[in-house]
Structure formats: C-alpha cells, structure tokens
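Student: From first to last, the protein sequence lines are chains A and B. When you line the first sequence up against the numbering used here, it's residues 915 to 1205, in that order. When you line the second sequence up against the numbering used here, it's residues -2 to 325, in that order. The beta carbon of each residue, even a glycine, is placed where N, CA and C say it ideally should be.
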Amino acid sequence: MDLFLQLTFAGLAIGSIYSCVALAVVMIYQATDHFNFAQGEMAMFSTFIAWTMLGLGLPIWVAFFLAVAISFVAGVLIERIVVRPVENAPVLNQIIVFIGLLVIFNSVAGWIWEYTIKPFPSLFPKSFGFETTLISAHNIGVIGLTLIVLAMVFAFFRFTRVGLAMRAAAANPDSARLVGISVGWMLALGWGLAAAIGAVGGVLVAPIVYLEPNMMSGVLLYGFAGALLGGVSSPGGAVLGGLVVGVLENWVGQYVPGGAELKLTFALVLIVGVLMFKPAGLFGRIVVKRV
Amino acid sequence: MTRPNPITPTLFFGFVAAVIFGAALPYFVTDFTTFQFTQAMIYGIALLGLNILTGYNGQFSIGHSAFYAVGAYTCAILLYHFEWSPYAAIPASALVTFVVGFLFGLPALRLEGLYLALATFALAVATPQLLKFDLFEHWTGGVQGLFILKPDALFSGWSTDQSLYYVTLGIMLALMIFAWTMLHSRSGRAIMAIRDNPIAASTMGVNLPLYKTVTFGISAMFTGIAGALFAIVTEFVSPDAFTFFVAVNLLIGSVVGGIVSIPGVIFGGLFLVFVPNYAQDIKLAYPWMPPPWAIFGTFLILIIYFAPFGVWGFLERASAWARRKLRS
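1. Along the chain, where does the alpha helix (DSSP H) containing lysine 129 of chain B start, and where does it finish?
2. If you measure from the beta carbon of phenylalanine 978 of chain A to each beta carbon in chain B, is any gap under 8 Å?
3. Residues bridged to lysine 1032 of chain A by DSSP?
4. Assuming glycine 1145 of chain A and glycine 1151 of chain A form a contact by the criterion Cβ under 8 Å, report the distance between their Cβ atoms to the nearest whole angstrom.
5. Sort out for me which residues DSSP pairs leucine 143 of chain B with in a bridge.
6. For the segment 1008 to 1029 of chain A, which residues have a beta carbon sitting closer than 9 Å to at least one beta carbon of chain B?
7. Taking Cβ to Cβ, would you say valine 996 of chain A is nearer than 8 Å to leucine 1016 of chain A?
8. Examine chain B for any beta-carbon lying closer than 8 Å to the beta-carbon of proline 1000 of chain A, and answer yes or no.
9. Which bits of chain B does valine 1005 of chain A rub up against, with CB to CB less than 7 Å?
10. May I ask you to report which of helix, strand or coil DSSP gives isoleucine 292 of chain B?
11. Measure the alpha-carbon distance for tyrosine 208 of chain B versus methionine 173 of chain B and round it to whole angstroms.
12. For alanine 317 of chain B and threonine 117 of chain B, I'd like the C-alpha separation in whole angstroms.
13. Under 8 Å between the Cβ atoms of leucine 115 of chain B and leucine 247 of chain B?
14. For chain A, check one thing: does any of its Cβ atoms lie closer than 8 Å to the Cβ of arginine 379 of chain B?
15. Considering Cα atoms alone, identify which of B:Ser58, B:Phe12, B:Tyr70, B:Gly202 is closest to serine 235 of chain B.
16. Are leucine 1048 of chain A and leucine 919 of chain A closer than 8 Å when you measure CB to CB?
17. Run through chain A and tell me which residues come within less than 8 Å of proline 273 of chain B, C-beta to C-beta.
18. Can you confirm whether valine 1186 of chain A, when its beta carbon is compared against all beta carbons of chain B, has any partner nearer than 8 Å?
19. Mind the definition here: the segment 21 to 28 of chain B touches the segment 968 to 986 of chain A only if three or more C-beta pairs lie below 8 Å; say whether that holds.
20. Going by beta-carbon coordinates alone, are alanine 938 of chain A and isoleucine 1185 of chain A separated by less than 8 Å?
21. Does any residue of chain B bring its CB to less than 8 Å from the CB of threonine 946 of chain A?
22. Check this for me: beta carbons of glycine 1024 of chain A and leucine 1037 of chain A, under 8 Å apart or not?
23. Could you check the C-alpha separation between leucine 120 of chain B and alanine 217 of chain B for me, to the nearest Å?
24. May I ask you to report which of helix, strand or coil DSSP gives methionine 1024 of chain A?
25. Which chain A residues are close to glutamine 126 of chain B, counting only those with a beta carbon under 8 Å from its beta carbon?
26. Please classify asparagine 194 of chain B: does DSSP put it in a helix, a strand, or coil?
27. Going by other Cβ atoms of all chains shown within 10 Å of its Cβ, with 16 needed for buried, is methionine -2 of chain B buried or exposed?
28. Which chain A residues are close to threonine 295 of chain B, counting only those with a beta carbon under 8 Å from its beta carbon?
29. Could you check what DSSP says for valine 1119 of chain A in three-state terms: helix, strand or coil?
30. Taking the C-alpha atoms as reference points, what is the distance between threonine 137 of chain B and isoleucine 279 of chain B?
31. Can you list, in chain order, the residues of its chain whose CB lies under 6 Å from that of phenylalanine 241 of chain B, leaving out five sequence neighbours each side?
32. If contact means a Cβ-Cβ distance below 9 Å, which residues of the segment 6 to 24 of chain B contact chain A?
33. Does aspartate 947 of chain A come out as helix, strand or coil in the three-state DSSP assignment?
34. So, using beta-carbon positions, are proline 999 of chain A and tyrosine 302 of chain B closer together than 8 Å?
35. With a cut-off of 8 Å on the beta carbons, I'd call serine 62 of chain B and threonine 51 of chain B a contact; round off their distance for me.
36. Flag threonine -1 of chain B as yes if its beta-carbon sits less than 8 Å from any beta-carbon of chain A, otherwise no.
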C-alpha cells in the first residue's frame, strides 16, 4: 500500500509539472489554434538560464524569478518577430516554423551549455519540518508551487482587464479589435505567459530528470497528452489532465510489465487513443464546423 | 482536346538528361563521393514518400522517421537473422512498411491537420524507445543495433559502392515514375482534391477513408524502401539513428526541395547530405560559428518566410516568368 501511495504522490508531483506544460500549450492553442512544438525546448532554455544565474552566485529563488521574467520577455519577442510573419499562412508552414524553433533552441543550448548532464538544485528545502516517507519535500514543493501558479493564472484571466482582453482576443478577434483591443499584442502576451509558465515547469522538473538539452522531449509529450486528455479548449481540464497523466505514468511504469521502458510509447498510445475516442477531451467543447 | 498534364518535350528531355548524368556520375568521382550521392538519393526516396502524403494529400507527418526505421529494421532483421538477399529484403520491407503505414493511417483518418501532426510527433519521439525495448531485443539487437554486410557488386567491373549507387538510382527512378504516374491519374486528382477540399471531394464521390489510408500506406512504403536502402549502404542499424531529429531532417529536405514536387526531392536529398558536411567544415574552421543544427533551423524558418515552395517551386516560377518575358 505504501508503494502505491508513494507512486501516486510522486505521480501527482510530476503530473503538476506536466500540467504547467499542458497549460502553456493550451494557452497558445486557445489564442492561435496551434500547438507550439517548441514549448518544451523553450522551457529547457529557461531552465539553463536559471542554471547560469545560479552559477553566478545568485540565490535560487532570485534565479528562478529572473529566469521566468526573461522567458516572458523572450516569449513576447518570439511571437512578434518569428511567429508573426506566418500568422495567416497555412497550418503546415506554421508547424514547420515551430519545428525550426525547436531545433534552434535545442542546438543553441547544446552549443552554449554542452550536452553533459547537469544536476539542478531543488527550489525547496530538504524538509518542511515534518517527516514522511510517502512523498519527498521537493515533490510537496512542486505541487504547492504549481497550485499557486495556477491560482494566479486563473485570477489573472478572471479578474484583470488585460486578462479579459486576452480572452476576448482569443474568442473573437474581430469583435475584440472593434472594441479597441490590440489583438496582435494580446497574442504576444499569451506567448509570453506560456513561456513563463513553461519556465516554471522546466525549473521544477530539472531536479528530477537532470538538466540537459533533451530533457524536455518526454515532458512535452506528456504535457500534450495531458492537454488532450483534459481537452485543449479547457485550461482547467488541461491541468487535471496533466495530473492524471502523471499518476497513470507512474502506475503503468510499476504495474504493467515492460511499462517502465515504454513510458513514451504509453504517451503515444494515450494521445492517439484520446484523439480517436474522445477528441474533445474530458472537459473540452466539441467544435462544430460550418461547411 | 489535349490530355491533361502531357509529357512536354522539356520534361522528357530534362528527365533523359538527368538520367544520363546520374548514370555517368560514378565514372567521374571517387567511391566516397559516389557513396554520398547514394545517400542523397536514399533521402530523396524518403522525401518522395513524405511529399506524396504531406504535399499532395495534405496529411501532415512530422514522424516519418518511424517508417524509415521500420523499413531499415525489417531489412536488417531479414538480412541478419534469416540471411536473405538484400534484393529480396527491399521488396519485403516495402510490403511491411506499406501495411504499417496503412494501419497508422486508420487512426489518422480521424485526425485533422494539427492533431495528426501531434500524433506523428509522438510516434517519432517514441520510436527509439520501442526499438530499444527488451522483449524485441533478440530481434532488434536492442541498444547495440544490428550489423549487416554490403552485398557484393552486381557486375565485376563495379565496386560495391558503385553497384549500390546504380541499384539506388534504379529504385529512385522507378519510384519517381510511379509517383508521377499515380499523381497524374484519376487517383492522383482525387488525392489532391482531398487536400484542397475534403468535403467537396467526398461530395464528388471520392472515397475519403480509402484514399487517405492507401496514400498513407504508399507514403510509408516509399520511406520504408529508403530505410531499407539506408540499412544496406550504412551496414548498420541502431535506435539512435531514428530519433525525432531524423524526422525533422526529412521535413527540412522536403521543404527545401519543394514539398509539392517530385523532382524537388533530389535537391532535398543533396541538401541533406552535403550541406551538413559543409556546415561542419565551416564550424571546424571558425569555432565561434553557431552549430549546424541552429543554422538549419534558421534556414528552415527563412525558407518558409520567403520561398515556401522550395527549390523546385522556385525553378518552376522562374521558368514561367522567363517564358512570359520571351513571349511579350
């Protein structure tokens, strides 16, 4: 029973990291109808930025917030400079641009920081003052911080004018433009937020998977799976989907023979399965297309 | 009334000239260069598969490395465990990848554009892990991969590299003619109609599920044949030769050559073989230069901005422009 609980809690922790990535994916999807395949590599890059600042002697929380802030600015700039020119291009062209970004971030990270595997310290203390063998302090911290981030994102969209404007720009760009919202900048802001949320996920996952340029490929796949499971049109669903995927991943790894080696295949099966049998996800809207 | 898409004199003589050039090449260059051209043609065959699916049928795949891997591993296993002749293993690999592609095309039927890209992305990322899987290790060689031997030259006057070059050239030409004929037939028009407007196509009586799955199968088959040839010429398969970055490579080659073209795949293949070499040389000479992959990525984005139709599309546009100028 202890093993089962340990697996479940660890699954919730890694699942909340998937939730961050899933949320980042859903934010860009909602605003632009596209999956950002470079989301994982952007998060990896942000984590390396945090690592560099740690090396300069900054305290870990300062490095964390600086990395998140830099990622936000970088996200806005990427939308403005790189993604903008293909805004109205066919889907294929946009996917190729995202793949191009993925390749660039991956190789530039390898160029600057090399491909050696680096340990990354946890944001949280070794112990929160109480002892339990069921869950590590890092995992408690991961779940707590993710919940805070999600609450902030929710509050931002629900209670601020900019959040409202962003929702309007995503839901109905033409009408939003008519009431004076700069839709282009709202998209850029969405990219910035997604990059920042992704950076949080990257810094949280780095102590678990270790820091290296390819660390996010599996995480991104699970993030996609989580987003699809919860429904790509529902941010709340994406978060829940991420958690469910994290827990399922741990259970499958332990209880299904061969599951530990086939974790990515599990993500593949999950993605194809959800797309086939419940394309809208658990909480998504079913989109009816007009002919 | 003229037939649609007639074989024009330019097309015919261009093709003949290209074949003569291709056939003469190994007599003028070293064995190593011949080997590189063989690799370029192998990429070309794989790109042809991707172009049929993505360029002509409008189904996105950013996971064609998976079918490349299936073809390569089928061939390697037949050679290594069953001691088949390579010339028998290639058709067998083609058959296997056709079936695998057809089967993957079934769930793909329900996935449109972006979602299909996502599913194929997952496929490409998961492939190396599947190849390393313990249960298959007896067959696939696990992390170590499988070593196989190049076949002897077909004629005593040729070196093994030259022989493989001609085999690859022959297969590529046959597949290009097959692709051209298919795409310029009634079925080809149906395939393109599905890309341009699926609803209108099905109203006109095109059997959407049949065409889409069979196109998926044919596309996978082309890429699988390329994979089998890759296994034979490099004499080695291993899981790390089929990562997601191979799929990215194929996408780059496709876009460079022109994703809606058949002859463009040659340019794509040449690009994929020779440009990384030059980029590596430049990197060695000037260590401050960014790594080749970063340049590739930038290049990919710039092509999409300025020439999304690729090299062949550019040539077509240039020749159309020149013809207009001449006439007026």
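Tutor: Reading off the structure:
1. In the second sequence, the residue the question calls residue 129 of chain B occupies position 132. Counting along the chain, the alpha helix (DSSP H) containing lysine 129 of chain B begins and ends at 110 to 129.
2. If you number the first sequence from 1, residue 978 of chain A lands on position 64. Not one chain B Cβ lies under 8 Å of phenylalanine 978 of chain A.
3. What you label residue 1032 of chain A is simply residue 118 of the first sequence in a count that begins at 1. BP columns for lysine 1032 of chain A point to A:Leu1125.
4. In the first sequence, residue 1145 of chain A corresponds to position 231, counting from 1. In the first sequence, residue 1151 of chain A corresponds to position 237, counting from 1. Taking 8 Å as the upper bound for CB-CB distance, glycine 1145 of chain A and glycine 1151 of chain A are in contact here, some 4 Å apart.
5. By 1-based counting over the second sequence, the position of residue 143 of chain B is 146. Beta-bridge pairing links leucine 143 of chain B to B:Val234.
6. So the list reads Gln1008, Ile1009, Ile1010, Val1011, Ile1013, Gly1014, Leu1015, Leu1016, Val1017, Ile1018, Phe1019, Asn1020, Ser1021, Val1022, Gly1024, Trp1025, given in the order they occur along the chain.
7. On the first sequence, residue 996 of chain A is found 82 positions in, with the first residue counted as 1. On the first sequence, residue 1016 of chain A is found 102 positions in, with the first residue counted as 1. No, they are not a contact pair.
8. The residue you call residue 1000 of chain A lines up with position 86 of the first sequence. What sits at residue 1000 of chain A in the sequence shown is valine, not proline. The beta carbon of valine 1000 of chain A falls within 8 Å of a beta carbon belonging to chain B, placing the residue at that interface.
9. Locating residue 1005 of chain A in the first sequence gives position 91, where the first residue counts as 1. Below the 7 Å Cβ cutoff, chain B contributes Gly110, Leu111 as neighbours of valine 1005 of chain A, in chain order.
10. The residue given as residue 292 of chain B occupies position 295 in the second sequence. Correct three-state label for isoleucine 292 of chain B: helix.
11. Within the second sequence, the letter at position 211 stands for residue 208 of chain B. Within the second sequence, the letter at position 176 stands for residue 173 of chain B. Cα atoms of tyrosine 208 of chain B and methionine 173 of chain B: separation of roughly 20 Å, rounded to the nearest angstrom.
12. By 1-based counting over the second sequence, the position of residue 317 of chain B is 320. By 1-based counting over the second sequence, the position of residue 117 of chain B is 120. Alanine 317 of chain B and threonine 117 of chain B: Cα-Cα distance of roughly 36 Å.
13. In the second sequence, the residue the question calls residue 115 of chain B occupies position 118. In the second sequence, the residue the question calls residue 247 of chain B occupies position 250. Not closer than 8 Å, so no.
14. Nothing can be reported for residue 379 of chain B: it is not among the residues displayed for chain B, which extend from -2 to 325.
15. Counting from 1 along the second sequence, the entry for residue 235 of chain B is found at position 238. Out of B:Ser58, B:Phe12, B:Tyr70, B:Gly202, B:Tyr70 has the C-alpha closest to the C-alpha of serine 235 of chain B.
16. Here residue 1048 of chain A refers to the residue found at position 134 when the first sequence is read from its first residue. Here residue 919 of chain A refers to the residue found at position 5 when the first sequence is read from its first residue. In this structure, leucine 919 of chain A lies closer than 8 Å to leucine 1048 of chain A by Cβ.
17. Counted from its first residue, the second sequence places residue 273 of chain B at position 276. Below the 8 Å Cβ cutoff, chain A contributes no neighbours of proline 273 of chain B, its closest Cβ being approximately 12 Å away.
18. Numbered from its first residue, the first sequence carries residue 1186 of chain A at position 272. The beta carbon of valine 1186 of chain A sits closer than 8 Å to some beta carbon of chain B.
19. The segment 21 to 28 of chain B vs the segment 968 to 986 of chain A: no contact.
20. Here the question's residue 938 of chain A lines up with position 24 in the first sequence. Here the question's residue 1185 of chain A lines up with position 271 in the first sequence. Result no, Cβ atoms of alanine 938 of chain A and isoleucine 1185 of chain A do not sit closer than 8 Å.
21. Taking the first residue of the first sequence as position 1, residue 946 of chain A is located at position 32. Judged by the 8 Å Cβ criterion, threonine 946 of chain A is not in contact with chain B.
22. As a first step, residue 1024 of chain A is located in the first sequence; it is residue number 110 there, counting from the start. As a first step, residue 1037 of chain A is located in the first sequence; it is residue number 123 there, counting from the start. The criterion of a C-beta distance shorter than 8 Å is not satisfied by glycine 1024 of chain A and leucine 1037 of chain A.
23. For this step, residue 120 of chain B is matched to residue 123 along the second sequence. For this step, residue 217 of chain B is matched to residue 220 along the second sequence. Taking the straight line joining both Cα atoms gives about 13 Å.
24. Position 110 of the first sequence, counting from 1, holds the residue named residue 1024 of chain A. The residue asked about is misnamed: residue 1024 of chain A is glycine in this sequence, not methionine. DSSP places glycine 1024 of chain A in helix when its eight states are reduced to three.
25. Numbered from its first residue, the second sequence carries residue 126 of chain B at position 129. The contacting residues are Glu1175, Leu1176, Lys1177, Leu1178, Thr1179.
26. Along the second sequence, one-based indexing puts residue 194 of chain B at 197. Coil at asparagine 194 of chain B, not helix or strand.
27. For the purposes of this step, residue -2 of chain B is identified with residue 1 of the second sequence, where counting begins at 1. Note that methionine -2 of chain B scores 40 on pLDDT, short of 50, meaning its location in the model is unreliable; the coordinates nonetheless yield the value given after this. A residue is called buried when at least 16 other Cβ atoms come within 10 angstroms of its Cβ; methionine -2 of chain B does not meet this threshold and is exposed.
28. Here residue 295 of chain B is taken as the residue at index 298 of the second sequence, counted from 1. Among the residues of chain A, those whose CB is under 8 Å from the CB of threonine 295 of chain B are Gly1014, Ile1018, following chain order.
29. On the first sequence, residue 1119 of chain A is found 205 positions in, with the first residue counted as 1. Residue state, collapsed to three classes: helix.
30. Your numbering for residue 137 of chain B matches position 140 in the second sequence. Your numbering for residue 279 of chain B matches position 282 in the second sequence. The straight-line gap from Cα to Cα measures roughly 37 Å.
31. Position 244 of the second sequence holds residue 241 of chain B. Cβ within range, chain order: Ala121, Val122.
32. Those would be none; no residue qualifies.
33. The count along the first sequence starts at 1 and reaches residue 947 of chain A at position 33. Coil at aspartate 947 of chain A, not helix or strand.
34. As a first step, residue 999 of chain A must be located in the first sequence, where it is residue number 85. As a first step, residue 302 of chain B must be located in the second sequence, where it is residue number 305. Taking 8 Å as the Cβ cut-off, proline 999 of chain A and tyrosine 302 of chain B qualify as a contacting pair.
35. If you number the second sequence from 1, residue 62 of chain B lands on position 65. If you number the second sequence from 1, residue 51 of chain B lands on position 54. Not confirmed; about 14 Å, so no contact.
36. Mapped onto the second sequence, residue -1 of chain B falls at position 2. Note on threonine -1 of chain B: pLDDT 45, under 50, position unreliable in the model; no value is reported.
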